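At position 280 of the sequence shown (counting the first as 1) the number is 284 in the numbering used here, and the numbers step up by one without a gap. C-beta: ideal position from N, C-alpha, C; glycine also. Owing to the predicted nature of the structure, the values given are computational and were not obtained by experimental measurement. The block underneath contains the structure these notes are about, expressed in structure tokens.
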Amino acid sequence: MIWNEAMECMRREDLRKLQGIRLKKVVERVYHNCEPYRKRMQEAGISPADINSIDDIVKLPFTSKKDLRDYYPFGLLSSPMSEIVRLHASSGTTGKPIVVGYTRNDLNIWNEVGARCFSAYGLGKNDVVQISYGYGLFTGGLGAHNAVETIGGTVIPMSSGNTEKQIMLMHDFGAVGLACTPSYALFLADAMKESGISREEFKLKVGIFGAEPWTEAMRRELQEKLGIKAYDIYGLTEIIGPGVGHECEYQDGTHLCEDHFFPEIIDPETGESLPEGSQGELVFTTLTKDGMPLIRFRTRDLTNLNYEQCACGRTSVRMGRILGRSDDMLIIRGVNVFPSQVESVICEMPELEPHYMLYVDRINNLDTFEVHVEVKEEFYSDEMSKMIDLRKRIAHRLQSVLGIGPDIKLVEPRSIERSQGKAKRVIDKRKFN
Ligand code: ADP
Ligand code: ZN
């Protein structure tokens with residue numbers, strides 16, 4: 005179902021015109037209302053008069069996470085506090101969190117894009133949706149919550165944790181949709197199985213999964229385990245929260261709500277714009293927000309964009325799977341490794357559970373790299389030779405995908421810690437040495 009056909013299916017020439025008009029307006033807004041932006045534009049020798057179409061966006065300086073920290077908490081607001089009706093913050097790995105302020109209008113935009121997402125998953129006013137993203141400063145819970153209310157669905161504002169109750173309410177209230185991180189969905193899938201209630205007694209049909217990178221292999225795993233269709237939802241606090249992009253029934257790329265958030269792909273090293281289709285760092289400009297508009301914000305998420313029209317009728321660009329954030333990339337013995345690459349290998353092997361951890365350390369000046377992975381109950385064996393053979397096969401697959409062969413440690417089912425929010429899958433001790 006398409007929530008806002010006029011916007012989602014607009015001819016691309018018209019969309020670009022609209023983006024140009026909106027860009028000019030937002031640039032004027034930050035220039036006149038937010039000193040750090042004005043200063044930076046002056047230093048770059050440009051003013052709002054230089055912005056006359058969306059193509060002019062490349063003239064504008066980038067904004068980074070560091071800027072959000074430097075101007076913590078409210079230095080990048082372009083509206084007075086009297087207009088700000090909500091604050092959210094992202095955890096941030098170091099020190100101060102990143103804070104975002106929303107005006108009433110910004111919240112309406114968030115509801116609008118959220119409604120587009122949940123409609124695209126085929127949900128509507130007759131559907132009960134359980135929100136198992138965390139509520140609070142994190143945008144996941146409230147973002148998904150308001151999206152479901154906007155389409156007129158029924159929300160179970162469950163938040164994360166309390167697994168038994170999750171399963172009980174999902175069953176008793178007849179949840180059709182489940183919104184949470186893919187790693188928590190795995191955890192809930194196991195809990196459903198253990199609950200003793202048969203799968204047929206649940207109404208669950210749709211998973212709304214995001215807030216962390218996940219692979220196609222993980223999608224297959226989740227769809228199979230839960231007997232649902234699993235859809236991607238993408239977003240980040242700085243831009244608005246969940247709802248920046250969503251999949252459609254074709255599950256072939258994440259449509260970005262481009263009339264509100266203009267995406268670009270740049271070379272993360274040089275900052276240069278890359279040609280259509282290239283893999284690189286995703287950059288967003290918010291075209292319509294008032295509270296804290298961001299101009300050319302560097303997300304650090306690595307992906308690519310596909311401008312071919314989708315079979316669903318939406319004309320908006322589709323984002324490929326996110327390989328990870330550039331900060332998630334490990335350099336082990338000189339080789340670049342993303343946890344998502346390990347995930348796709350593990351999920352493809354029928355003997356393994358999709359639960360894994362990467363341990364990296366440096367001993368005697370040499371990087372060590374261990375992958376711990378759970379073996380499925382039915383494959384876990386006391387026969388040494390079988391386990392050795394399995395370890396070899398995993399190491400071999402990983403070597404060919406990563407270009408580096410980790411040591412594999414096979415662990416018992418359920419021994420790796422489960423996550424209720426964003427999964428932590430890497431322990432890099434080199435950082436503490
Ligand atoms: P934090 O920075 O504390 O993790 P956010 O919730 O704002 O807080 O995180 C947003 C980030 O989460 C994105 O930049 C991206 O790296 C990741 N993310 C969100 N949704 C997805 C998704 N569907 N697929 C992959 N990564 C995602
Ligand atoms: Zn589509």
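Asked	Found
Taking only heavy atoms of the ligand ZN into account, decide whether any of them is closer than 7 Å to the Cβ of R318.	yes
Starting from H175, trace the alpha helix (DSSP H) both ways and give me its first and last residue.	T167 to D176
From L306 to S330, what distance separates their C-alpha atoms?	7 Å
Among the residues of its own chain, which have a CB less than 8 Å from the CB of I50, if the five just before and after it don't count?	K63 and L64
State yes or no: is the C-beta of R422 within less than 8 Å of the C-beta of F206?	no
If we require 3 or more residues per run, which beta strand (DSSP E) segments fall completely within the segment 36-103?	88-94
Assuming G245 is part of the beta strand (DSSP E), what are its boundary residues?	G245 to H250
Measuring straight from C-alpha to C-alpha, what distance separates G118 and G247?	5 Å
Out of curiosity, what's the CA-to-CA distance linking V89 and R223?	36 Å
Below 7 Å, is the gap between the Cβ of C13 and the nearest heavy atom of the ligand ZN?	no
Could you give the residue range of the alpha helix (DSSP H) that holds T154?	T143 to T154
Report the partner residues of Q134 according to the DSSP bridge assignment.	I160 and L182
Sorry if obvious, but does the Cβ on H250 come closer than 7 Å to a heavy atom of the ligand ZN?	no
In angstroms with no decimal places, state the Cα-to-Cα distance between D59 and G24.	8 Å
Got a sec, what are the start and stop residues for the beta strand (DSSP E) I326 sits in?	From DSSP, I326 is part of no beta strand (DSSP E); its letter is neither H nor E.
Heavy atom of the ligand ZN less than 7 Å from the Cβ of C314, yes or no?	yes
Residues in the same chain with beta-carbon distance under 8 Å from G275, minus the five sequence neighbours each way, listed in chain order, please.	F66
Quick check on the burial criterion: 16 or more other C-beta atoms within 10 angstroms. Buried or exposed for R397?	exposed
List in chain order: all unbroken alpha helix (DSSP H) runs of 4+ residues lying wholly within the segment 211-238.	220-230
With distance defined between alpha-carbon atoms, name the residue in E374, L286, L406 and R33 nearest to S68.	L286
Using DSSP with H/G/I as helix, E/B as strand and the rest coil, what is M296?	coil
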